[in-house]
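Below is one structure; the comments refer to it alone.
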Amino acid sequence: MMSSSNSINPHLDLFEEIERMKRSLNAVVLAHYYQDPDIQDVADFIGDSLQLAQQAAKTEAEVIVFCGVHFMAETAKILNPNKTVLLPDPNAGCSLADGCPPEAFARFVARHPGHFVVSYVNCSAGVKALSDVIVTSSNAKRIIERIPREQPILFAPDQHLGRYVMRETGRDMVLWPGSCQVHELFSEKKLLLLKAKHPEAQIIAHPECEASVLALADFIGSTRGLLDYVVASAARSFIVATEPGIIHQMKRACPPEKLFIAAPPTSSCACNECPHMRLNTLEKLYLSMKLGRPSLEVEPALREAAKKPIDLMLSWS
Ligand code: 13P
Ligand code: SF4
């Protein structure tokens, strides 16, 4: 019987095979902190969305295997038009990016003439092309502070990150009403119940959470910011209000006595895992490298327009 190109020999050690293909393809595997632990273990570089964009901008590898979601791989392709950028599962989207279609966003921008358009990197190339500068959760505050105070600002697509940055900087901004389906599930009530069970634990949260959740947090930061915080903190236990994939690196970076408790969503399911990030698996990563697909393509005019605000972000970071 002929084996299909998509079938995987069950006797293969996928970790070894991926290492071998990295060398033969001159490939680098970049992974976000929300990826499955197996993918994080095989990655050459693990980071938050800013670090991944910076890494993609400077890599000398010919092939970038991007283990994250579509907008992240698309950003890597915009920065590297002549390289092959593979995304193990092409359906790995993002509720923030999907909830801000470029046509509707163009109308929103047109309704706010004279506004400087700041877009969170969690958006499509079409939305980036309509933006003046891109931000991530780790540099949003710094970048907003560089914009002259008298300049009106429009911020998209995450209203919760936008509101957090408004509070931190004292700036008023027009907000696109988007949100992350994962971070929106964390509830104030459940967090308080968890805190009552672990009164000594510190609550740490990603700024995509709602304001009522952020109000309970001892520390707010990007995925990388949260990781750095637990390493440096003298506290011994942490309630982690973000996608629990990051806990894999927290455990690796900290002594075993530090305890990490994944914050509960509103019900007793595993829906604090990002369903898009988790579409990538070690098997799909292996197959994408073996088959050289699915690879990202961005049409040249769109790429040029979307690259400008990304370049500005990188130069301001
Ligand atoms: P970071 O910027 O912290 O990597 O966050 C990306 C993201 O998608 C959070 O949901
Ligand atoms: Fe998008 Fe939320 Fe998933 Fe991050 S966690 S990729 S913002 S859906």
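Following the numbering used here, the numbering of the sequence shown begins with 34 at its first residue and continues without gaps. We put the beta carbon where it would ideally sit given N, CA and C, even for glycine.
For this session: Assign Thr314 to one of three DSSP states: helix, strand, or coil.
Result: As a first step, residue 314 must be located in the sequence shown, where it is residue number 281. Reduced to three states, the DSSP call for Thr314 is coil.
For this session: With a threshold of 8 Å, establish whether the CB of Tyr67 neighbours any heavy atom of the ligand SF4.
Result: Along the sequence shown, one-based indexing puts residue 67 at 34. At least one heavy atom of the ligand SF4 is nearer than 8 Å to the Cβ of Tyr67, so yes.
For this session: Pick helix, strand or coil for Val62, following the three-state DSSP scheme.
Result: As a first step, residue 62 must be located in the sequence shown, where it is residue number 29. Three-state DSSP puts Val62 in a strand.
Exercise. Roughly how many angstroms lie between the CA atoms of Glu316 and Asp69, to the nearest whole one?
Worked result: Counted from its first residue, the sequence shown places residue 316 at position 283. Counted from its first residue, the sequence shown places residue 69 at position 36. Their backbone Cα atoms lie some 11 Å apart in a straight line.
Exercise. Which same chain residues, not among the five before or five after Ser36, have their C-beta less than 6 Å away from its C-beta?
Worked result: Position 3 of the sequence shown, counted from the start, is the residue given in the question as residue 36. Note that Ser36 scores 46 on pLDDT, short of 50, meaning its location in the model is unreliable; the coordinates nonetheless yield the value given after this. The beta carbon of Ser36 lies closer than 6 Å to none in the same chain, with the five residues before and after it left out.
Exercise. Quick one: is Asn59 buried, meaning 16 or more other Cβ sit within 10 Å of its Cβ, or exposed?
Worked result: Mapped onto the sequence shown, residue 59 falls at position 26. With fewer than 16 other Cβ atoms within 10 Å, it is exposed.
Problem set entry | Cβ separation of Leu312 and Asp122, assumed to be a contact under 8 Å, to the nearest whole Å | In the sequence shown, counting from the first residue as 1, residue 312 sits at position 279. In the sequence shown, counting from the first residue as 1, residue 122 sits at position 89. Sure, about 4 Å apart at Cβ, within 8 Å.
For this session: Leaving out five residues on either side along the sequence, give the residues of the same chain with a beta carbon under 7 Å from the beta carbon of Glu50.
Result: Within the sequence shown, the letter at position 17 stands for residue 50. Within the same chain, Tyr319 come within 7 Å of Glu50 by CB-CB distance, once the 5 residues on both sides are set aside.
Exercise. For Pro298, which residues from the same chain have a beta carbon less than 7 Å from its beta carbon, with the 5 sequence-adjacent residues on both sides left out?
Worked result: Within the sequence shown, residue 298 is the residue found at index 265, counting from 1. These residues qualify, in order along the chain: Leu218, Phe219, Cys304, Asn305.
Exercise. Are the beta-carbon atoms belonging to His239 and Ser212 less than 9 Å from one another?
Worked result: On the sequence shown, residue 239 is found 206 positions in, with the first residue counted as 1. On the sequence shown, residue 212 is found 179 positions in, with the first residue counted as 1. No. Outside cutoff.
Exercise. Is it true that the CB of Val96 sits closer than 9 Å to the CB of Leu119?
Worked result: The residue labelled residue 119 in the question sits at position 86 within the sequence shown. The residue labelled residue 96 in the question sits at position 63 within the sequence shown. Result yes, Cβ atoms of Leu119 and Val96 sit closer than 9 Å.
Exercise. Three or more C-beta pairs closer than 8 Å, one from the segment 218 to 233 and one from the segment 192 to 209: is that the case here?
Worked result: The answer is no - the segment 192 to 209 does not touch the segment 218 to 233, with fewer than three Cβ pairs under 8 Å.
Exercise. For Glu337, which option in Gly132, Glu290, Lys110 has the closest C-alpha, if you only look at C-alpha atoms?
Worked result: Residue mapping note: residue 337 aligns to position 304 of the sequence shown, counting from 1. Of the residues Gly132, Glu290, Lys110, the one whose Cα lies closest to the Cα of Glu337 is Lys110.
Exercise. Apart from the five residues just before and just after Lys161, which ones in its own chain have a Cβ nearer than 7 Å to its Cβ?
Worked result: Residue numbering aside, residue 161 sits at position 128 when the sequence shown is read from its first letter. Result list for Lys161: Ser152, Ile167, Ala339, Pro342, Ile343, in chain order.
Exercise. Ordered along the chain, which non-local residues of its own chain (more than five positions away) have a Cβ less than 6 Å from that of Ala158?
Worked result: Looking up residue 158 in the sequence shown gives position 125. Only Glu107, Val331, Leu335, Ala339 meet the Cβ criterion.
Problem set entry | Pairwise C-alpha distance: Ser321 and Ile294 | The sequence position of residue 294 within the sequence shown is 261, counting from 1. The sequence position of residue 321 within the sequence shown is 288, counting from 1. Answer to the nearest angstrom: the Cα atoms are 33 Å apart.
Problem set entry | Range covered by the beta strand (DSSP E) that runs through Gly132 | Numbered from its first residue, the sequence shown carries residue 132 at position 99. Run containing Gly132: none; DSSP gives neither H nor E here.
For this session: Give me the Cβ distance between Asn172 and Leu85, rounded to the nearest whole Å; I'm assuming they're in contact under 8 Å.
Result: Stepping through the sequence shown from its first residue, residue 172 is reached at position 139. Stepping through the sequence shown from its first residue, residue 85 is reached at position 52. A Cβ-Cβ separation of about 13 Å leaves Asn172 out of contact with Leu85 under the 8 Å criterion.
For this session: With distances taken Cα to Cα, identify the nearest neighbour of Ser328 among Lys222, Ser57, Ile236, Lys116.
Result: Position 295 of the sequence shown holds residue 328. In terms of Cα proximity to Ser328, the closest of Lys222, Ser57, Ile236, Lys116 is Lys116.
Problem set entry | alpha helix (DSSP H) runs contained entirely in the segment 262 to 300, provided each spans 4 or more residues | If we require 4 residues or more, the alpha helix (DSSP H) runs fully inside the segment 262 to 300 come out as 279 to 286.
Exercise. Name the DSSP beta bridge partners of Cys100, please?
Worked result: As a working note, residue 100 is residue 67 in the sequence shown. For Cys100, which the question treats as bridged, DSSP gives the partners Ala64.
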